[in-house]
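Below is one structure, written out as structure tokens; comments come after it.
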Ligand code: CTP
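Residue numbers (the working numbering): 89 to 495.
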């Protein structure tokens, strides 16, 4: 049994939160309702009070509220913060760290997992500002129950309607009791994002990686009970909450950080887009232009994944190793060849010639190449692709345990 803070915000779907509340209780959880001021215009706090048999929190300023700094006390005590419905306004506040009421302060103060069920008009949902805020939150490890399509209260038909209460309750319960995982208690190292190779103090060679795929993998591994170290190159997205975040800039720095972090790791996933070449002689001063063309000499960087494979081959069991192969043609052949050449367990092959997958988008479609088989994962959110990759990693971990047991 868990304690869930149910945030209710000012959308027409607020009345459905009553059903969500009941559903959570039926599944054995305790609920404390936290309503924003506008939510109370849609549903009365007394309704939640009667159902939860707890005081409903509607304001930070009620007398007595600050006697034991309630948002901190609740923040420490809850196992989940679930917000249903979650308006565009509250999505924006959470994404940007604004804490001007009880619910938004609770979001910042808690370390419990957070799940949002957004609900709003379709155009609001599609707006770049809202999409960016949702992506920021997703990258931070916040979970979502996707809004459904259908008749909206504003009279439109489209996407934006609050998910059905049953679906919200199911998603919350699944989050609270993650499946029994082979990753529980294991140390997982994930690299993410691009690397920047400096040419001079103002210019660098980089790439379009956003870090999203690696962040989704790190968050999913953490959720399965792993201790996660995330080694991340320069990216504008915020990393999810994991045990350790190591920030690096260049391929050389990433090499050092990953090799050090993974010496006793159980799994290493190289999702970073590491530069293959770096300027041979970066200039300490800004390079001025001249009239003619310019030639830049580049040296090969060290192959981190290849070095991990070689270290494992030389020194014994070592971690499960997973790499990515971003290709535009002959994807599977190249991925298979890469797996063998680098001496790793799995290569996640990405056809980056399509606009809806690979770099800097929220979705991906991949093929997981192992020694035994190729498994294709159809186009879906990077969170789901991350789950499929980790399922595969778990199979490798389990097979290792059983072969050791049979020796
Ligand atoms: N990688 C690495 N160290 C590097 C370069 C890449 O660990 N210096 C890892 C990436 O994180 C990824 C995989 O290796 O997991 C990609 O393999 P790589 O051979 O670098 O492929 P690409 O650069 O995508 O392709 P190619 O070799 O064909 O240029």
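We treat Cβ as the ideally placed atom computed from N, Cα and C, and that holds for glycine. The model shown is predicted, which means the values in this text are computed figures rather than measured ones.
At 4 residues or longer, what runs of the alpha helix (DSSP H) sit wholly inside the region 364-420?
Every alpha helix (DSSP H) of 4 residues or more that sits fully in the region 364-420 is shown, in chain order, as 392-403.
Out of 221, 165, 416, which has the shortest C-alpha to C-alpha gap to residue 176?
Comparing alpha carbon positions, the residue from 221, 165, 416 closest to residue 176 is 221.
Would you mind stating whether residue 325 and residue 227 have Cβ atoms separated by less than 8 Å?
In this structure, residue 325 lies near residue 227, with their beta-carbon atoms less than 8 Å apart.
First and last residue of the uninterrupted alpha helix (DSSP H) at residue 140:
Residue 140 -> alpha helix (DSSP H) spans 133-140.
Contact set for residue 455: own chain, Cβ-Cβ below 8 Å, skip 5 residues either direction:
Cβ contact annotation for residue 455 (same chain, cutoff 8 Å, sequence separation greater than five): 419, 420, 423, 436, 437, 462, 463, 464, 465, in chain order.
DSSP bridge partner residues for residue 121 (one or two, in chain order):
In DSSP, residue 121 forms a bridge with 94.
Among the residues of its own chain, which have a CB less than 6 Å from the CB of residue 276, if the five just before and after it don't count?
Cβ neighbours of residue 276 beyond the five flanking positions: 309, 314, 316, 355.
Run through DSSP, which three-state label would residue 106 get?
Residue state, collapsed to three classes: helix.
Can you grab the Cα-Cα spacing for the pair residue 336 / residue 285, in whole Å?
Cα to Cα, the separation comes out at about 11 Å.
Per-residue burial, residue 495 [other beta carbons within 10 Å of its own, 16 or more giving buried]
Unreliable placement is indicated for residue 495, whose pLDDT of 48 sits below 50; no coordinate value is reported for it.
Sorry if obvious, but does the Cβ on residue 236 come closer than 7 Å to a heavy atom of ligand 3?
Questions concerning ligand 3 fall outside what the structure shown contains, since the ligands it does hold are ligand 1.
Is it true that the CB of residue 434 sits closer than 8 Å to the CB of residue 458?
Against a cut-off of 8 Å, the Cβ pair of residue 434 and residue 458 comes out as a contact.
Does the Cβ of residue 398 lie closer than 7 Å to at least one heavy atom of ligand 1?
No, ligand 1 has no heavy atom inside 7 Å of this Cβ.
If you measure from the CB of residue 188, is any heavy atom of ligand 1 nearer than 7 Å?
Residue 188: no, Cβ never under 7 Å from ligand 1.
For residue 162, count neighbouring Cβ atoms within 10 angstroms of its own Cβ and tell me buried if that reaches 16, exposed if not.
So residue 162 counts as buried.
Proximity to residue 391 [Cα-Cα], best of 431, 372, 381, 404
Out of 431, 372, 381, 404, 431 has the C-alpha closest to the C-alpha of residue 391.
Just checking my contact of residue 124 with residue 179 at CB under 8 Å: how many whole Å lie between their CB atoms?
At roughly 12 Å, the Cβ-Cβ gap does not stay under 8 Å, so residue 124 and residue 179 are not in contact.
May I ask whether a heavy atom of ligand 1 can be found less than 7 Å away from the beta carbon of residue 411?
At least one heavy atom of ligand 1 is nearer than 7 Å to the Cβ of residue 411, so yes.
Proximity test, residue 393 beta-carbon vs ligand 1 heavy atom, cut-off 7 Å
Yes, since a heavy atom of ligand 1 falls inside the 7 Å radius drawn around the Cβ of residue 393.
Go to residue 173, then tell me how far its alpha helix (DSSP H) extends in each direction, as first and last residue.
Where residue 173 is concerned, there is no enclosing alpha helix (DSSP H), although the beta strand (DSSP E) it sits in stretches over 168-174.
Are the Cβ atoms of residue 362 and residue 348 separated by less than 8 Å?
Using a Cβ distance threshold of 8 Å, residue 362 and residue 348 do not count as a contacting pair.
Inspect the CB distances between the region 253-266 and the region 196-207 and report whether three or more fall short of 8 Å.
Proximity of the region 253-266 to the region 196-207 meets the contact definition, three or more beta-carbon pairs being nearer than 8 Å.
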